[in-house]
Structures are given as C-alpha cells and as structure tokens.
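The block underneath contains the structure these notes are about, expressed in structure tokens.
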Amino acid sequence: MPIATPEVYNEMLDRAKAGKFAYPAINVTSSQTLNAALRGFAEAESDGIVQISTGGAEFLGGQYKKDMVTGAVALAEFAHVVAEKYPVNIALHTDHCPKDKLDAYVRPLLALSEERVKAGGNPLFQSHMWDGSAETLSDNLAIAQELLEQARRAKIILEVEITPTGGEEDGVSHEINDSLYTTVEDAIRTAEALGLGEKGRYLLAASFGNVHGVYKPGNVVLRPELLKELNDGVAAKFGKQSPFDFVFHGGSGSSEEEIRIALENGVVKMNIDTDTQYAFTRPVADHMFRQYDGVLKIDGEVGDKKQYDPRTWGKLAEAGMAARVVTAANNLRSAGNKMK
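So the sequence shown is residues 31 to 370, counted in our numbering.
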C-alpha cells in the first residue's frame with residue numbers, strides 16, 4: 031500500500047480511538063531503520079507511523095551539510111516508493127521540533143506540502159509536531175494556532191506538546207518533577223486556543239509523568255489515568271465527549287498495565303525510539319563480538335569480507351528492530367488491526 035493519504039490517516043486515527051488501540055510511532059534515522067519499521071508493521075499486520083526527529087533529519091541530511099529539511103524530504107520520498115511493497119498503511123510524521131528549529135524544519139516542510147496540495151497532490155508528510163513545552167503555555171498556543179492553520183491548508187495534522195516531558199531528546203530537556211503533569215486548566219486553555227477540530231485536527235501530547243530515554247522502574251511515576259481527567263474536564267466545559275486524540279511520549283520501558291490504561295483513556299499514538307534503537311544495535315554488537323577476527327583485519331590478516339559486509343550485520347539489525355516493532359504493535363493492540 032502507498033503512504034497514507036490525509037483521508038486514510040484520519041480514518042486510521044478514528045479507528046484507533048474507537049477501538050481503544052494506538053499506533054506505534056517509530057523513529058527512524060536511515061533507509062535501513064525505515065525498512066525495519068515497515069517490516070515490523072507488516073509482520074504484525076498493523077498500520078503504523080514512521081517519524082523523523084530534528085536530530086534524525088540532520089543525520090539523514092548527511093554530515094557534510096547536516097540539513098534537516100533535505101534529510102526529512104529525502105527519506106519521505108524514499109518511503110513513498112518502498113512503502114508500496116508493504117501491505118499496511120503508513121503515515122509519515124516529524125517528531126519534536128522546538129521553537130528555535132521551526133524555521134529550519136517544520137515551517138519549510140509545511141510550505142512544501144502546501145504547494146503539493148495546491149497542485150492537486152497529497153502532502154509529503156501526514157503530520158508534524160510542534161514542541162512548545164519549553165515555552166510559556168500562552169506563547170506555545172499562539173505559535174500552535176499559526177502552525178495549525180498552515181497545517182490545515184496542507185491537509186496535515188499537527189501534534190502539540192503543551193507541557194514538559196521529562197528527560198532529554200535531541201537537545202530538549204526537562205527535569206523529572208511535578209511539572210510533568212498536565213492540568214485540566216492547561217487542557218481547557220488548549221481547547222480554547224486550538225478548538226476541538228473545527229480549526230484543524232491536532233494530536234495532543236499531554237504530560238502524565240512521561241520521560242524520554244531509559245529509566246528504571248520506580249524512577250518515574252506515570253499517571254495515565256490523568257488523561258481521563260483532562261478529557262472529562264474539557265468535555266464538561268465544551269460539551270464534546272472524549273475531545274482529545276492523545277499521544278504517549280516516552281513510551282519505551284512502560285509497563286503493559288500503564289499502556290493499557292493509556293489506551294482506555296484516549297491514546298492513539300505512542301512514540302517508541304529508545305527501545306527500537308537498542309533492538310537495532312544489539313544484534314550488530316553481538317555479530318561484531320562473535321566475528322571479531324572476521325570483521326577486523328587483525329595482525330596483517332585480511333579478515334572475512336562476508337562478515338564485515340554491511341549487508342550481513344545490517345540484516346540482523348533490521349530483523350531485531352522489526353521484532354521490537356511487532357512487540358509494540360501487540361502491546362498497543364494495533365496488531366491484526368490494519369485497514370483492509
């Protein structure tokens with residue numbers, strides 16, 4: 031199937047919300063990790079989301095120029111070609127973009143997609159994220175209003191993060207403290223500023239103790255039940271039941287029970303990066319240790335080309351990451367739920 035059209039992406043999200051499941055949103059940094067994600071979704075018979083962060087896009091753009099837009103566009107165009115070979119629907123998304131990178135990342139990508147739509151085509155990406163969590167809520171929502179209008183014209187869904195997620199990702203960091211919990215007042219102010227769909231569709235990354243990266247059990251207190259409080263508080267004021275499509279950030283390392291509660295309370299997308307990074311790298315490390323004499327030309331020897339050929343260890347990496355995507359799809363109940 032090709033990359034999801036705007037109509038298909040909207041239907042994907044509607045189905046997830048109605049069915050109380052969510053799509054794994056897998057960060058990729060190369061054509062190889064993209065193929066691993068696509069393979070995982072196909073093996074799980076799950077539609078899904080592939081996303082590129084600012085750091086991932088910079089890496090994709092090559093270390094000579096490190097241009098984020100070039101990297102994001104190149105991988106998206108590649109994905110539009112290769113995704114047709116996989117029997118699932120895939121949406122393309124850009125992950126965390128803070129204020130100081132909007133002009134070098136999200137705004138140019140929105141403009142590019144708007145031109146494609148004006149010409150009668152579909153947007154290059156299906157959604158973009160604005161991460162204003164480091165700004166005041168007023169400034170955050172003011173920028174979100176401008177981006178939402180541009181996204182609407184480009185048939186793109188905007189993702190907004192209104193309060194901090196702990197830990198660090200691509201240079202944006204927040205302490206792990208009580209500020210990691212969105213309040214009902216925060217949610218109401220968001221609905222007042224961005225509407226509840228009439229101004230354009232958006233996904234809401236609300237904070238319920240989420241932390242990016244690796245953490246041990248007990249170091250982070252997740253409260254996914256808070257999402258129900260946010261939905262109920264906004265529903266009481268505006269009269270629209272379950273008004274938000276929530277995103278679960280910092281999903282790596284979460285327990286199955288925490289995920290279940292999040293799904294019951296409106297999460298339709300969960301970001302996974304740390305766990306898939308490890309699942310990709312672990313088989314490579316194993317291969318290098320086991321085939322040490324083959325991958326290195328030790329003591330004047332010639333090594334073993336079959337062992338240091340990137341395709342040899344690359345296939346292992348792809349299989350490892352794909353298996354982790356299957357696990358995520360099972361945990362999020364999207365496995366077996368692909369659109370026909």
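Note that CB positions come from ideal geometry on N, CA and C, so glycine has one too.
In whole angstroms, what is the alpha-carbon distance linking residue i and residue j?
i    : j    : result
A181 : H317 : 44 Å
E228 : K335 : 59 Å
L372 : Q81  : Nothing can be reported for residue 372, as the shown portion of the chain is limited to 31 through 370.
K129 : Y116 : 35 Å
G280 : Q271 : 26 Å
N40  : V251 : 32 Å
T357 : L210 : 27 Å
V264 : V214 : 7 Å
L167 : N295 : 23 Å
T306 : A174 : 30 Å
R45  : T35  : 15 Å
M98  : D125 : 12 Å
D323 : D329 : 10 Å
G333 : D339 : 11 Å
R354 : I289 : 16 Å
L68  : E255 : 31 Å
I120 : R363 : 16 Å
F71  : N65  : 10 Å
L105 : F155 : 11 Å
V277 : S61  : 25 Å
R341 : V58  : 18 Å
Output needed for residue i: all residues of its chain with C-beta closer than 7 Å, excluding positions within five of it in sequence on either side, in chain order.
i    : result
N367 : G49, F51 and S76
E222 : none
L226 : F268, K270 and P273
P138 : V99
V202 : With a pLDDT of 49 at V202, under the threshold of 50, the modelled position of this residue cannot be trusted; read the value that follows with caution. The residues are H126, P128, D161 and A164.
What residues match up with residue i in a beta bridge as DSSP calls it?
i    : result
Y232 : L188
A55  : I79 and N301
H158 : T124 and L188
Y211 : F238
F278 : M300
I33  : I120
So the alpha helix (DSSP H) residue i belongs to, where does it begin and stop?
i    : result
F108 : M98 to V112
D323 : Y322 to V325
S61  : S61 to A74
D169 : L167 to R183
A134 : Careful: A134 lies outside any alpha helix (DSSP H) and carries neither H nor E.
T84  : T84 to L90
D262 : L256 to F268
I291 : E286 to E294
K335 : K335 to Y338
Near residue i, what residues of its chain come up, given a Cβ to Cβ distance below 8 Å and the 5 sequence neighbours on each side ignored?
i    : result
V147 : P153, R183, A184 and K185
P313 : W343, L346, A347, A349 and G350
Y135 : T84, A87, M98, V99, A102, T124 and C127
M42  : A34, Y53, D77, N119, A121 and M369
Along the chain, where does the beta strand (DSSP E) containing residue i start, and where does it finish?
i    : result
I120 : I120 to T124
Near residue i, what residues of its chain come up, given a Cβ to Cβ distance below 6 Å and the 5 sequence neighbours on each side ignored?
i    : result
A55  : I79, Q81, K299 and N301
A292 : P254 and F278
At least one CB of chain C closer than 8 Å to the CB of residue i: is that the case?
i    : result
E287 : Here there is only one protein chain, and chain C is not present.
May I ask you to verify whether the region 99-115 touches the region 156-166, counting CB pairs closer than 8 Å and requiring at least 3? These segments do not touch.
Tell me whether the region 352-367 and the region 84-98 touch, counting them as touching only if at least three CB pairs, one residue from each stretch, are closer than 8 Å. no
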